[in-house]
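S.K.: Below is the structure I would like to discuss, written out as structure tokens.
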């Protein structure tokens, strides 16, 4: 039985990621693992959504396959929300919008933005 999926996103600076997700999207740090120059790992939560952030140096040590891999995404993180229009207003001027609010063929209203590391976040609300 599968129980949960929690993305672990590689970042150059965990503190900056924690600060951005806190101030822009209202996430709260649940766990931080300290390192010599600040945290090397953090778990953040908002409502039912959990994200992990791990410093490049730490993740490359754990998984050498990731050495030299560019940070950013070739996928989107699709996040279901209650009020997509309010969230869109909340991130205005704080995140780069890559696709404005729009209605989809599958009955959702959504928008896409990037975080400070180039990860693509899709926020979606059912309108059907």
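In our numbering, the protein residues as written are 138 to 265. Positions of the beta carbon are idealized from the N, C-alpha and C atoms, including for glycine. Just so it is clear, the structure is predicted and the values come from calculations on it, not from any experiment.
Can you grab the Cα-Cα spacing for the pair residue 264 / residue 215, in whole Å?
M.R.: By 1-based counting over the chain shown, the position of residue 264 is 127. By 1-based counting over the chain shown, the position of residue 215 is 78. Their backbone Cα atoms lie some 16 Å apart in a straight line.
S.K.: In the DSSP assignment, find the unbroken alpha helix (DSSP H) run with residue 253 in it and report its ends.
M.R.: By 1-based counting over the chain shown, the position of residue 253 is 116. No alpha helix (DSSP H) contains residue 253, which DSSP labels as neither H nor E.
S.K.: Going by DSSP, which residues form a beta bridge with residue 260?
M.R.: Working through the chain shown from its first residue, we reach residue 260 at position 123. Looking at the DSSP assignment, residue 260 forms a beta bridge with 216 and 248.
S.K.: Could you say which of 151, 233 and 198 lies nearest to residue 166 if we only look at CA atoms?
M.R.: By 1-based counting over the chain shown, the position of residue 166 is 29. Minimum Cα distance to residue 166 is reached at 151.
S.K.: Are the beta-carbon atoms belonging to residue 145 and residue 212 less than 9 Å from one another?
M.R.: Within the chain shown, the letter at position 8 stands for residue 145. Within the chain shown, the letter at position 75 stands for residue 212. Against a cut-off of 9 Å, the Cβ pair of residue 212 and residue 145 comes out as no contact.
S.K.: Does the distance from the CB of residue 224 to the CB of residue 260 come in under 9 Å?
M.R.: For the purposes of this step, residue 224 is taken as residue 87 along the chain shown, with counting starting at 1. For the purposes of this step, residue 260 is taken as residue 123 along the chain shown, with counting starting at 1. Against a cut-off of 9 Å, the Cβ pair of residue 260 and residue 224 comes out as a contact.
S.K.: Among 199, 262 and 149, which has the Cα closest to the Cα of residue 220?
M.R.: Counted from its first residue, the chain shown places residue 220 at position 83. With distances taken between Cα atoms, residue 220 lies closest to 262.
S.K.: Give the DSSP-derived three-state secondary structure of residue 146 in the structure shown.
M.R.: On the chain shown, residue 146 is found 9 positions in, with the first residue counted as 1. Correct three-state label for residue 146: strand.
S.K.: Cutting at 6 Å between CB atoms, please list the residues of its own chain near residue 183, excluding the five before and the five after it.
M.R.: Against the chain shown, residue 183 aligns to sequence position 46. Same-chain partners within the cutoff: 163 and 164.
S.K.: Excluding the five sequence neighbours on either side, which residues of its own chain have a C-beta within less than 8 Å of the C-beta of residue 244, listed in chain order?
M.R.: Taking the chain shown and counting its residues from 1, one reaches residue 244 at position 107. Within the same chain, residue 244 has close Cβ partners 263, 264 and 265.
S.K.: Apart from the five residues just before and just after residue 147, which ones in its own chain have a Cβ nearer than 7 Å to its Cβ?
M.R.: Against the chain shown, residue 147 aligns to sequence position 10. 191, 193, 196, 203 and 208.
S.K.: Exposed or buried, what is residue 188 when buried is set at 16 or more other beta-carbons lying within 10 Å of its beta-carbon?
M.R.: Position 51 of the chain shown, counted from the start, is the residue given in the question as residue 188. Per the 10 Å Cβ criterion, buried.
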